[in-house]
């Protein structure tokens with residue numbers, strides 16, 4: 703004798719899971735008032751060689767490696783030729799992560815015009831609330 707579940711069970715289970723997932727929000731870390739991330743170098747409109755240094759600036763917060771649970775800290779993420787990621791989930795792998803607490807990096811890009819933008823992530827790589835991100839700058843690579 704074969705046991706069969708009613709068709710409704712196959713429909714209801716995925717719907718219940720989807721509803722649960724929709725309500726499971728990621729907790730975001732509060733950002734301090736006046737927190738700001740910015741580029742020290744290069745500056746907007748700069749012409750740079752193919753390999754150049756990018757230095758990150760941060761005001762009213764501290765830099766800490768990913769996984770460090772210290773209030774008013776975060777770590778940098780660099781977006782190259784990309785839009786800002788969603789603010790309600792961890793910052794994805796297509797963004798350059800500096801989870802070790804680095805405040806500068808060497809970048810090599812093809813000749814042409816490129817955009818750069820910084821966004822700060824908390825200990826779980828999630829943008830703070832409200833998110834802390836820089837203005838998008840443009841550089842021309844020789």
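Numbering (this note's numbering), first residue to last: 703 to 844. All residues carry an ideal CB built from backbone N, CA and C; glycine is no exception. Owing to the predicted nature of the structure, the values given are computational and were not obtained by experimental measurement.
Excluding its 5 nearest sequence neighbours in each direction, residue 731 has C-beta neighbours in its own chain below 6 Å: 824 and 830, listed in chain order.
Residue pairing for residue 821: DSSP places it in a beta bridge opposite 779 and 835. Boundaries of the beta strand (DSSP E) around residue 757: 753 to 761. In the DSSP assignment, residue 742 falls within the unbroken beta strand (DSSP E) covering 738 to 743.
Around the beta carbon of residue 752, fewer than 16 other beta carbons sit within 10 angstroms, so the residue counts as exposed.
According to the DSSP secondary-structure assignment, residue 829 is paired through a beta bridge with 823.
In the displayed model, residue 764 falls within a strand according to three-state DSSP. If you draw a straight line from the Cα of residue 778 to the Cα of residue 768, it comes to about 9 Å.
Setting aside the 5 residues that flank it on each side, residue 762 is surrounded in the same chain by 734, 736, 737 and 738, each with a C-beta closer than 7 Å to its C-beta; the list follows chain order. Per DSSP, the unbroken beta strand (DSSP E) holding residue 808 starts and ends at 806 to 810. Rounded to whole angstroms, residue 812 and residue 759 show a C-alpha spacing of 25 Å. Using a 10 angstroms sphere on the CB of residue 810, the tally of other CB atoms stays under 16, which defines it as exposed. Apart from the 5 residues on each side of it in sequence, residue 832 sits with its Cβ closer than 7 Å to the Cβ of 733 in its chain, given in chain order. Of the candidates 837, 741, 740 and 770, the residue whose Cα lies closest to the Cα of residue 803 is 770. The alpha carbon of residue 843 has as its nearest neighbour, out of 729, 740, 744 and 821, the alpha carbon of 744.
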